[in-house]
Each structure stands twice: as C-alpha cells, then as structure tokens.
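Residue numbers (the working numbering), protein chains in the order written: chain A, 1 to 386; chain B, 1001 to 1177.
The beta-carbon is built from N, C-alpha and C at its ideal position, and this holds for glycine as well.
Here's the structure we're looking at; comments come further down.
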Amino acid sequence: MNLTDLARVHDDDLGDDPAGQASGAGARTLLTSIMSEPPGQGGRPRARRLRGPVPWLASAAGLAAAATLVVTVVVAPDGPVPNPSPTTASPGIQPSARQVLLAAASAVMKVPTSGAYWRTTTISGMDAISPDRGYVIRRRFSREEWLARRPGAQSWWISQYLGAKPLTDEDEAAWRKAGSPTEWRYPLDMTEYVGVNSSEVVRAAAEEKVATRLRGKWKGSGGTLAKERITWDEIRRIPSGERELRAYLEQRITAHAKGGGNDPEWRESALQGSCMEVFSLPVSPAVRASAYRILATFPKMTSLGKVKDPLGRTGEALGYQTRDSIRAGTNQIVMVIDPETGMPLSQSSTSTIGLADGRTVEVTGFWALRRMGWTDEKPSLPAKRD
Amino acid sequence: MGSDPHGRFVDIYERAYRPILGYVLRRCEDPDDAADVVAETFVTAWRRIDEIPPGDEARLWLYGVARRTLANHRRGERRHQRRTAALREQLAASPALAAPPPGEYTQLGRAFAGLSDDDRELLSLVAWEQLDTEQVARTLGITRNAVRVRLHRARRRFARTLAATGIDLPLMERTAP
C-alpha cells in the first residue's frame, strides 16, 4: 500500500462513473445553475468566516491526528527491548478475556486529576525485513507528549528515533553475513516488504531528540477520540456509564464516518479503537472502567494469559486476529494490561512474512505506554525543533 | 480576456470538472458536502472568470480555490443544495464511494491522517493529483524552491510519524506501504 492507494477515488475511476462526467446530469445542472447568474458579479467573494469554537468539527477535511492517541512516544534510555512473546502463555486455568477486562475495570487507578500538562510517554517499534529480504530489523521510537491544560499555553511532542538493529540472534547472524550494514535502502516497489516506506532509507544509528510545537487545531486539545481532536471541555463531559459511553462513542464514530460507516465489522473495529483511545485521555477512572466493560462485550477477544510485553513487563494479555487486507494472512493483535493498576501496557500486531531463503518470520509493530498522567513539571525541550 | 465569458467558462468547466470533483472527494468524506464544495468552487470561478489563467493552469488555479473552499466549509453546510441535487443523487449511487475510505485504520492511513494539514496537502497533491513541483508551486502560490524544501520535510515527518504510529489497536495492519 502506498499513498496513492489512500486516495478514496482516482480521477480515472470517475471516468466510468456517471457523477464524473462533465456532460452528466449532475455536472450539467450545476453548470447551468451557476451560469444563470451574471459572471464576475460582486468581485472577489470574501472567504467565509470560520471563527467560532468548532475546533474538531472544523477539521472535517483534515481528520488529522488519528495517530496521536497512540502516538505518544518517548525517550528511552534503556537497553535492549525484549521481544514481545504473546505465545508464551501461562499454563493452567486462564481467566477469560471478559474476566480480565472486568477485573481491569474494577482496578483502574485513581490518578491525580489536575496539573499543568497531560503527559504521556511511549515507546513504539516496528519490524521491517531487510531490503535483500534476508533478516528482520526492528526500529524503535520514543515520544513524550505534553498537552497543556491552560488555554493558550504551548503543547509539545518530544520525539526520538532510537535506532534499528537485527531482531533475533538468527537475524543478527544473517545481518553479519550480509556485511553488517548500518543503513538499509528500500526500493520503490514495496510489494514484498512490510514496515517501511517505498524508497525509504533506514539507519541503524539513533538520532537526537526533536521537539515539535503543536499548533493549529492542537491548541486546547487533550487528545483524540474517534479520530477527531477533542477539547478539554469535551473530555470532561465524556459520560461515565457504560451504556452512555457506548452511545457517545458510537455517535462520534458515526459523525466521523458519515457516508461510509455502515459496515458492521468496520463499526465494531472503530468502537474498539475508540475504547483504546479513551485509555489515553485524561478521563476519570469511571470512564476508563466503562471502556473496559465495553471491550469485554466483544466476543472475539480471547485471553492469552500472562505474558511479557515488548518492554519486558509482565501483564495479562488479550488478543484477537484480524484479516490482513493487503496480504492474504492474518494479524494477531495483542493488548497487554497491568492487572494491578488496570492500565494498558502495550498493544502489538504481529504477522508472518516469508524471507528470500524461504524462512518464515514474525514481524511486529508495537506501542507501549511507559508513563501517563498529569504533571506540573515542564517539558525539557531539546535544541532541535521540527 | 473574456469577450465571451460564457464560452470560456464552459470550456474551463468541461476540462476541470472531473479533476476538481476528484480533488474534493478525496478530501471530503461526506458526498453531499463534496457536492457543495465543488459547486462553491465553480461559483467562485464564475465570479472571478477574468482572473482564471489560460490553459492547464486554470485547473491548478481551481485546485487552489477548492482548497480554500474546503478549509472554510463547515460540515453539513449546504449553500448550494438546489444546484447540486442531481450531482448528489449521482454521488449517492456511485460505487466508487460506497466503501469506507481506504486505509482508514491502516498504519499508513493513520500516520497520514496524523500529519499537519499542510504536509498532508502537499503530499496529496503529488500522490493524488500527480502534480510536479512546478504545478504544486502554481497551485499553492509559492516558489518551486519552497515546494522542494517543504516536500522534503513533509516526507521526512511522514516517515517518522509512520514509524511512531506503531500500533493502533484493533486495526493496525502490518501493511506493506
């Protein structure tokens, strides 16, 4: 998949579509109507106002920031990151996914409810196969997100590329055999690859931290929900009852998906995604608990027992499979929860891919939460700015 | 120009209608809103017929108008309801628009959606409208050099965002971008 594929419709597709014909009924009616008025009338029309406080509605065209919730990442002065091992489930009797989620719901911690910034620190990783398709490399990234509560105050992201290296011992051996490259250049045609962009150059070395000043619609926003930025006031008004929260999320999803959100599978996925977004927002424990209860109603979620998450922390794992729409396989989605605090630790998605020598390997993308909460500290901004 | 604004406008409209419709549909989720934005774009063009540059540049000029119209359009606003009834009917029946937008929950799609409006627009003009540097410069009213610099930065930020997006629960797909 590439950027061109993200276009909902191509001009060429419109060539076969009645709506796309300049000679068609729609286009003709429009043209006739416009030309029924005298030309050049009234000079330049002024751009219409768009002032009022419609912050996220206004971003209709730019449903930006979807990533943000999950995109909180950071600083990680730590060493090697253990592989996620969702398959090392504990033996014996496991609680059901529903039990795990309901337990998490009752455990959700009380956290301080105010501060100058809502701070989230995350590490994310993405596996890619080498350009010669000989081994797997893992890239890691960190991000701190500092969302200012005070109107007008500046919000920041502090991001850092933590470098790339072969994933397993086997990958490392193959990497050495290939001459221990410290840079990987990818071709234009990415059909055989995962985890990187067309023509991308991946480097082994970590980079310095970069501060990004959040502007525009990010001003006065405390995150995203249903892929739209959400203001602090809206966050405060998110309903805490399970039924009310579900209705609220569904309504936001519908507002966002206007025109094409009728596919039930898509809607279910969107609802799950929104519940996950809720965990990253500065909401009350009651709201978080309701989000867990909503997740507990999804039948396809299964319990995977105790596992280590991608940062090596132990938690209760839940997962399910999704179809990979690009390749024919499936993705195993795993969510790890800290049963003590009821907070999510990580999410990952793993799929398999074949290497040039016929070996089949697992590649994973993950996101792991290191810290989240209100703080009165100030971000320590690196010199480098985005 | 414009001894015959009517003839000229019909000419421009016939050439630019599909590219402008495509441009708007790719950036506006709701087809009814899209119809309204297309109408507003051409209404503006008709009012400013004397400012429209000749040749293919008319299309680039119209992209610029469409871009500003989109930015100012409020969801659900239907200023041109009457003019667009037939077009809306056609769009409602269009098979190309029946499915949810592609990549909505893919890593690539979400990373792309997470870019700033400016970065996204720049990359879209290249990937979707297939404009070259010169054409992007004309569309945005900036220099070619500025386009090169901004494109470079936008691509870098996109690569970074894509990487940082990592996972997104239910749907993050391990797409091969």
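Annotation: A:D309 to B:L1070 spans about 43 angstroms, alpha carbon to alpha carbon.
Contact between the segment 131 to 143 of chain A and the segment 1116 to 1134 of chain B is absent, with fewer than three C-beta pairs closer than 8 angstroms. For the options A:E250, A:R236, A:S348, the alpha carbon positioned closest to that of A:L271 is the one of A:E250. Across the set A:I137, A:L101, A:K217, A:P181, the C-alpha of A:I137 shows the shortest separation from the C-alpha of A:L167. Per the Cβ contact rule, the segment 1129 to 1143 of chain B is not in contact with the segment 1027 to 1039 of chain B (fewer than 3 Cβ pairs under 8 angstroms). Setting aside the 5 residues that flank it on each side, A:E200 is surrounded in the same chain by Y186, each with a C-beta closer than 7 angstroms to its C-beta; the list follows chain order. Put simply, of A:L162, A:S380, A:R215 the residue whose alpha carbon is nearest the alpha carbon of A:A205 is A:L162. Taking C-beta atoms as the reference points, A:S303 and A:V108 fail to come closer than 7 angstroms. Close partners of B:P1054 in chain A (Cβ separation under 8 angstroms) are lacking, with about 17 angstroms as the shortest Cβ gap. Of the candidates A:E183, A:E208, A:G222, the residue whose Cα lies closest to the Cα of A:A383 is A:E208. Residues of the segment 1082 to 1102 of chain B with a C-beta less than 8 angstroms from any C-beta of chain A: R1082, R1083, T1084, A1085, A1086, L1087, R1088, E1089, Q1090, L1091, A1093, S1094, P1095, A1096, L1097, A1098, A1099, P1100, P1101, P1102, listed in chain order. Secondary structure at B:L1108: helix, using DSSP grouped into helix, strand and coil. Per DSSP, the beta bridge partners of A:K308 are A:T314. If one requires a minimum length of 4 residues, the alpha helix (DSSP H) runs lying completely within the segment 1049 to 1118 of chain B are 1057 to 1072, 1085 to 1092, 1107 to 1113, in chain order. Of the residues B:T1143, B:W1128, B:W1046, the one whose Cα lies closest to the Cα of B:D1004 is B:W1046. Under the Cβ criterion of 7 angstroms, A:R139 is counted among the residues facing chain B. The alpha-carbon separation between A:V363 and B:L1115 amounts to approximately 25 angstroms.
Per DSSP, A:L345 is one residue of the beta strand (DSSP E) stretching across 343 to 354.
Annotation: A:A7 is outside any alpha helix (DSSP H) and is labelled neither H nor E by DSSP. With 16 or more other CB atoms across the displayed protein chains lying within 10 angstroms of its CB, A:P282 is buried. For the segment 1023 to 1055 of chain B, the set of residues with a beta-carbon nearer than 7 angstroms to any beta-carbon of chain A comprises L1025, R1026, R1027, C1028, E1029, D1030, P1031, A1039, F1042, V1043, T1044, W1046, R1047, R1048, I1049, D1050, in chain order. Between A:A211 and A:I158 the beta-carbon gap is near 5 angstroms, inside 8 angstroms, which marks them as a contact. In this structure, the CA atom of B:A1146 is about 28 angstroms from the CA atom of B:I1012.
The Cβ of A:M126 sits closer than 7 angstroms to at least one Cβ of chain B. With a cut-off of 8 angstroms on Cβ pairs, the segment 328 to 338 of chain A is in contact with the segment 309 to 320 of chain A, counting three or more such pairs.
Ranked by Cα distance from A:A25, the options B:R1088, B:P1053, B:G1022, B:Y1023 are led by B:R1088. Under the Cβ criterion (8 angstroms, minimum of three pairs), the segment 15 to 23 of chain A does not count as touching the segment 1144 to 1159 of chain B.
For the segment 368 to 379 of chain A, residues whose beta-carbon sits nearer than 9 angstroms to a beta-carbon of chain B comprise A368. Within the same chain, I1052, P1053 come within 7 angstroms of B:W1061 by CB-CB distance, once the 5 residues on both sides are set aside.
Secondary structure note for A:K165: its beta strand (DSSP E) is the uninterrupted segment 155 to 166.
When C-alpha distances from A:C275 are compared across A:T352, A:G305, A:W175, A:R243, the shortest belongs to A:R243.
Against chain B, the CB of A:R236 has no partner CB under 7 angstroms away; the residue lies outside that interface. With fewer than 16 other Cβ atoms inside 10 Å of its own Cβ, B:I1142 counts as exposed. With a threshold of 16 other beta carbon atoms within 10 Å, B:R1110 meets it and is buried. In the DSSP assignment, A:Y292 falls outside any beta strand (DSSP E) and lies within the alpha helix (DSSP H) extending over 285 to 296. Taking the Cα positions, A:P264 is about 20 angstroms away from B:A1092.
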